[in-house]
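Numbers 19 to 308, taken from this note's numbering, label the letters of the sequence shown in order.
Remarks on the structure that follows.
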Amino acid sequence: MREIEKIYSAYLDEIENKLSDEEILQPVRVPNKEKITNMFKQPLKNISLEKSQGINQGNIYLMFLDQTPVYFVVIDEIDNVFEVLKMSKWVELANHNDLLTKVDDEWFIIETWNNFYLSKEEILDSVYFGKLPEEDLKILLKFLNEEIEELPENKRGIFATSENSYQIKFHKKESEIVRQYKFRIFEEEENIIELSPEREEQIKLELVAGKEKTTARGENFVLYADLENNIFKLILPSNLQGKKANLKIFDETQKLEELPEEIIIKAKNPIRDLDIEKLAENIKVEIQND
Numbered sequence: 019m020r021e022i023e024k025i026y027s028a029y030l031d032e033i034e035n036k037l038s039d040e041e042i043l044q045p046v047r048v049p050n051k052e053k054i055t056n057m058f059k060q061p062l063k064n065i066s067l068e069k070s071q072g073i074n075q076g077n078i079y080l081m082f083l084d085q086t087p088v089y090f091v092v093i094d095e096i097d098n099v100f101e102v103l104k105m106s107k108w109v110e111l112a113n114h115n116d117l118l119t120k121v122d123d124e125w126f127i128i129e130t131w132n133n134f135y136l137s138k139e140e141i142l143d144s145v146y147f148g149k150l151p152e153e154d155l156k157i158l159l160k161f162l163n164e165e166i167e168e169l170p171e172n173k174r175g176i177f178a179t180s181e182n183s184y185q186i187k188f189h190k191k192e193s194e195i196v197r198q199y200k201f202r203i204f205e206e207e208e209n210i211i212e213l214s215p216e217r218e219e220q221i222k223l224e225l226v227a228g229k230e231k232t233t234a235r236g237e238n239f240v241l242y243a244d245l246e247n248n249i250f251k252l253i254l255p256s257n258l259q260g261k262k263a264n265l266k267i268f269d270e271t272q273k274l275e276e277l278p279e280e281i282i283i284k285a286k287n288p289i290r291d292l293d294i295e296k297l298a299e300n301i302k303v304e305i306q307n308d
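Okay, here's the thing in structure tokens:
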């Protein structure tokens, strides 16, 4: 077994809770793996880390989801909900969209693509771990704001685009871990729609070649397939945003008082198996004139 396979296997052991309290990880070359394992085996109350006095941009916290350690960094506050990015110590599984950083002599990656939303109470109930170095925070914000096209070569993982690469497999798993927290902000704004299983069945791909297509255009929108998060994003042009409209998806109509910048369309099946062009053909955005 190759080293990268061993690392990915150890990662799966951690997130899928395959280890019992009596079991010990077999040694592999993963930074601080033993420390992580010991940490998630003990109750959270036994971890003596300093509590933050306030929730600030760049603060790093640790929470546990079903015994899986989840590190995250705060990047923004939106209507009393905090946008955060997931972090991980599995640096060997990083790709070019993951920012490498060192906090208190420990290496992490910041998953720039893996954002989710937490309440103030959830963050304060987490354990304050430390602060993102100022230089890395500046790089992160520039990348998120598209002021730079890519992360510095010495601050990122390797390029990996193949669906069979362990980096891509890692990304999918990392997104699944926090998926329950990803759509909160959209749910509150009612900008999230879920396809029914019957509709998904209607737009299943018939040709393998179609899987390569990730965008489709409608009369007044662009539909984008976000494969990492398994969602479609319906992007509206700026001249329509804020206008009253009816959104029709197949035979269902939703009345929107103000069109947002984007609308999230969720699916239960992997969206790579769905025909994005067929979906776009069954979407209509009708502007209502008062």
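Quick reminder that beta carbons are idealized off the backbone N, C-alpha and C, glycines included.
The three-state secondary structure of Leu223, taken from DSSP, is coil. Distances from the alpha-carbon of Lys286 to those of Ile33, Lys138, Val196, Arg217 put Arg217 closest. Annotation: Ser106 to Ile127 spans about 5 Å, alpha carbon to alpha carbon.
Trp125 is bridged by DSSP to Lys120.
Asp97 sits in coil when the DSSP states are folded into three classes, being neither helix nor strand. In this structure, the straight-line span from the alpha carbon of Asn98 to that of Arg20 is close to 46 Å. In the three-state reduction of the DSSP assignment, Leu277 falls in the coil class, being assigned neither a helical nor a strand state.
Within the same chain, Ser193 come within 6 Å of Asn247 by CB-CB distance, once the 5 residues on both sides are set aside. Assignment of Ser193 by DSSP, reduced to helix, strand and coil, places it in the helix class. The C-beta distance from Leu169 to Leu117 rounds to 6 Å, short enough to meet the 8 Å contact threshold.
With contact defined as three or more Cβ pairs closer than 8 Å, the region 175 to 190 and the region 73 to 93 are not in contact. In terms of CA proximity to Pro288, Leu245 leads the group Asn307, Glu279, Ile301, Leu245. For Ala112, the secondary structure class from DSSP, reduced to helix, strand or coil, is coil. The beta carbon of Ala263 sits closer than 7 Å to the beta carbons of Leu274, Leu277, Val303, Glu304, Ile305, Gln306 from its chain, once the five residues preceding and following it are set aside; these are given in chain order. The bridge partners DSSP lists for Gln272 are Leu265. Excluding the 5 residues flanking it on each side, Leu254 has same chain C-beta neighbours closer than 8 Å at Asn238, Phe239, Leu277, Pro278, Glu279, Glu280, Ile281, Val303, in chain order. One thing to note: Lys266 has its Cβ within 8 Å of the Cβ of Ile301. Under the three-state reduction of DSSP, Ala298 is assigned to helix. Per the coordinates, the alpha-carbon of Phe100 lies some 25 Å from the alpha-carbon of His114. Excluding residues up to 5 positions away in sequence, Thr119, Lys120, Val121 lie with their Cβ nearer than 8 Å to the Cβ of Pro151 in the same chain. Non-local C-beta neighbours of Lys261 in its own chain, meaning closer than 8 Å and more than five positions away in sequence, comprise Glu276, Leu277, Ile305, Gln306, ordered along the chain. If you keep only unbroken beta strand (DSSP E) runs of at least 3 residues inside the region 133 to 181, you get 145 to 149.
The Cβ-Cβ distance between Trp125 and Tyr29 does not fall below 8 Å. With respect to the C-alpha of Leu292, the residue from Ile157, Gln198, Gln220, Lys190 having the closest C-alpha is Gln220. Here Lys222 is exposed, its C-beta having fewer than 16 other C-beta atoms within 10 Å.
When rounded, the separation of the alpha-carbon atoms in Asp84 and Val145 is 16 Å. Annotation for Ser137: Asn98, Val99, Phe100 place their beta carbon closer than 8 Å to its own, counting only its chain and skipping 5 residues before and after. By the Cβ-count criterion, Arg174 is buried, with 16 or more other Cβ atoms from all chains shown falling within 10 Å of its own Cβ. Within the same chain, Asn264, Leu265 come within 8 Å of Thr271 by CB-CB distance, once the 5 residues on both sides are set aside.
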